[in-house]
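Have a look at the structure below before the remarks.
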């Protein structure tokens, strides 16, 4: 482990975050709000400390390229540093007053969760609001690189297959080719962002709002500039555009790239994509059926709200056009299931992810076959490819760890005397990077009322969920530090 | 007529024997003294010790005076190089190279362009798989062969006593089979080959060879007292090249239940990754408890296609004992073939046999594309493309001077299948299927050939 090298990388990241604050400064100037000082101070602190970290690590930069251990350490520490420095503007502007609130809000942004502790976002200075949404967008970019550079080493699924489709990293070291791939995927990401901003502006949003909501959509984050989230606009057009782009954000970006290269068959033939689309359609249909005649009088309305909410929850975005706390228990259960499933591998969506759910289901079915034919050799296949045995083990391990950490967190949050639904869904929403849950953290509520202890737990859950658990947990294994 | 055969293995031996029996001058080149000794002991041919890919050896064998060189060693490379040098030393000689590797198939056209005048007979595992597929289409039939891309089937089948056909005259046949078009080509009765005429009888116990269209096969077999229940449940023993290919082909089609038995765990993993619907089982197909558990006895067909022919035979015997309907074993050594039939294995596939079948047309004069032997080599059925200059084209059949014991069984013109009568006129590009006894083959070829000079 070369800690100095890790320090260097984190330093570069912190400097980037610092310069990123220049964009909200522009909006702050334009709207003449009182957040400009806080933003500039945060920027200076970030850039200066970042430079210090870089200088500290410079000696080792010229050495051999990064090992995957160092990559994992840099990723986790990078996200933590992003949360700390990204939280500064909230603190310095006085929008949030306690450290845990600032960290919670920033980590929720960078992990593209979208859970908020701000009670009334409409009074927050525009510059700070813009920064809050921008953290989503940066987080989304980070996830794309994460998927390419770190996750393949963990062997927890999906990315190995994805590697075969786009020129990816060689298994041992982080190679410059990752940069090429990341650039391609970033271009897709930026292109979608631009298109969505234009489409939202055509729907009547101003530039500021459409940018903020686009960041929240493409990164599958969920921060809004309105207390009522997307419901504020009450426009079928805006609902439709955001539903569409949430779904796009929840699909493997490599498939989008293939689509642009004139290869739409790649998408159609992708097993995970089909599974994802199938679940979205099935869940939408089921909820619409359940809510028709209950909450909504017309078929059109039930489908409009059901499709938006299913897309929002399964892609782990967390926008709301309806208060689904008023829906039937069946509809809420379906949403909770969607929360657990999540988006596709290689997307900005979080949670367990469709690929893993598919693999686990298929593997379990294979075990059933083996009861009938004890000598049968079965392999789990996704599309044309068979999943290697080691990856299968990794995926089971991931799933069990995911459930274990979820259970422990629910226990800890429940110990702060909130009700069971709140405890369960707040943890599910945070570890799955969704945002809103049910109970007192529902779509029209926020996390401000939680105790500081819960906020720390939930912040950690967001980080664990976003970095696919192993990346963070491996730092707690003593062997990791041995030479 | 002088023929050089490179390679004295089973395939080389077969051709040497056959060509020698047609009184051709044959020289066999092989690197193994033992193989040559076996040939010299049994056949009236010359032998030469050495490598067929060596130009000096080829010259020594008299490549300049030879009419044909047939490269049939087990090595594709040796076969290619032998033909390459033969081409260099004596461009006029007719060269045939046997290629076993499937991968060459994709390059066949480009290779033919570069290596002018070398006939490449590419005979991959696909041929063996095709013959298993043929068996699957009619598992109760003893012999079956495809003509005209499978549109016409030649079937050899024993006539049971309860069949409505037994005891009738051939002239009565159309009255019984009605609209089904069925042509009786040959009958083997008490080990005697009969090319039947209208006044001949069909008797119970006859081994009857007939030709019919693919779509009529099921109903036609009904007249032979056999239900055409095609294979649905199949067990493949051995996941090697043949087994894998067969399983993959069936995997893509609906309606088959396939179990594939393979003993190597790693190979099982690879196969399981490739196959969607078929079940891959790891173990030995000679393990009775395992096979009972997997219901080997309820299979329609058990195809044992491992490398190990003894294992294949044993697996088939176990399958028969457990009650499987039909079995097919892959057997390499020709010497085993009569034995295997005797102990109750229903069908045999042999990669070498398939290689011989695919080389045979390349040796025939005229544009022969397919041949099938009846009763050893006593009679032969040829499928040929009628050439413009050939003497059978353009005149009504009754006026063609054709040997007495040879007959045109059927014609395929475009999508149509015709049963020729005396007035039928063969047109160029027709596919003609002709039956001939061995003695008349040369004259049949003569009439097919036109001006092309070959064998």
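Protein chains in written order, with our numbering: chain A, 1 to 483; chain B, 484 to 938.
No residue lacks a Cβ here, since even glycine has one placed at the ideal position from N, Cα and C.
Using a CB distance cut-off of 8 Å, residue 379 (chain A) counts as an interface residue toward chain B.
Approximately 7 Å separates the beta-carbon atoms of residue 354 (chain A) and residue 343 (chain A); this is inside 8 Å, confirming the contact. Judged by DSSP secondary structure, residue 853 (chain B) falls outside any alpha helix (DSSP H) and instead within the beta strand (DSSP E) spanning 850–857. Taking the C-beta atoms as reference points, residue 145 (chain A) is found no nearer than 8 Å to residue 81 (chain A). The residues 485, in chain order, have a CB closer than 6 Å to that of residue 508 (chain B) in the same chain once the five nearest residues on each side in sequence are set aside. Within its own chain, the residues whose Cβ lies closer than 8 Å to the Cβ of residue 842 (chain B), once the five positions on either side in sequence are excluded, are 494, 498, 553, 555, 579, 581, 604, 606, listed in chain order. The count of Cβ pairs closer than 8 Å, one atom from the segment 231–248 of chain A and one from the segment 131–138 of chain A, stays below three, leaving the stretches out of contact.
Taken in chain order, the complete beta strand (DSSP E) segments of 3 or more residues contained in the segment 715–784 of chain B are 716–720, 740–745, 762–765.
For the pair residue 277 (chain A) and residue 593 (chain B), the Cα-to-Cα distance works out to about 45 Å. Per DSSP, reduced to three states, the secondary structure at residue 820 (chain B) is helical.
At a beta-carbon threshold of 8 Å, none of the residues of chain B lie near residue 363 (chain A); the nearest stands roughly 12 Å away. At a cut-off of 8 Å between beta-carbon atoms, residue 375 (chain A) makes contact with chain B. Residues of the segment 765–792 of chain B that bring their beta carbon within less than 9 Å of a beta carbon in chain A comprise 765, 766, 773, 776, 777, in sequence order.
Sixteen is the threshold: since fewer than 16 other Cβ atoms of the shown chains lie within 10 Å of the Cβ of residue 404 (chain A), the residue is exposed. Cβ proximity to chain A below 9 Å picks out nothing from the segment 843–866 of chain B. Taking 4 residues as the shortest admissible run, the segment 245–290 of chain A contains the following complete alpha helix (DSSP H) segments, listed from N- to C-terminal end: 253–260, 264–269. The Cβ atoms of residue 111 (chain A) and residue 433 (chain A) lie closer than 8 Å to each other. In the structure shown, residue 602 (chain B) falls within a strand segment according to DSSP collapsed to helix, strand and coil. Listed along chain B, no residue sits closer than 9 Å to residue 320 (chain A) by beta-carbon distance, the nearest being about 41 Å off.
Within the model, the alpha-carbon separation for residue 273 (chain A) versus residue 381 (chain A) is close to 14 Å. Chain A has no Cβ within less than 8 Å of the Cβ of residue 719 (chain B).
For residue 386 (chain A), the closest Cβ of chain B is nearer than 8 Å. The alpha carbon of residue 218 (chain A) has as its nearest neighbour, out of A:301, A:113, A:265, A:266, the alpha carbon of A:113. Shown here, residue 639 (chain B) sits in a strand according to DSSP, grouped into three states.
Around the Cβ of residue 38 (chain A), a 10 Å sphere holds 16 or more other Cβ atoms; the residue is buried.
Residue pairing of residue 704 (chain B) in beta bridges, as defined by DSSP: absent, with no partner found. Under the three-state reduction of DSSP output, residue 12 (chain A) falls in the helix class. Counting C-beta atoms within 10 angstroms of its own C-beta, residue 265 (chain A) has fewer than 16 neighbours from the protein chains shown and is therefore classed as exposed. According to DSSP, residue 899 (chain B) shares a beta bridge with B:896. At a cut-off of 8 Å, the C-beta of residue 763 (chain B) has a neighbouring C-beta in chain A. One alpha carbon belongs to residue 656 (chain B), the other to residue 648 (chain B), and they sit about 8 Å apart. For residue 283 (chain A), same chain residues with a beta-carbon under 6 Å away, outside a window of 5 residues either side, are 310, 334, 338 in chain order. Among the CB atoms of chain A, none fall inside 8 Å of the CB of residue 802 (chain B).
With contacts defined as CB atoms closer than 8 Å, residue 105 (chain A) and residue 94 (chain A) fail to qualify as a contacting pair. In terms of Cα proximity to residue 467 (chain A), the closest of A:360, A:366, A:227, A:345 is A:345. Annotated three-state conformation of residue 529 (chain B) is strand, per DSSP.
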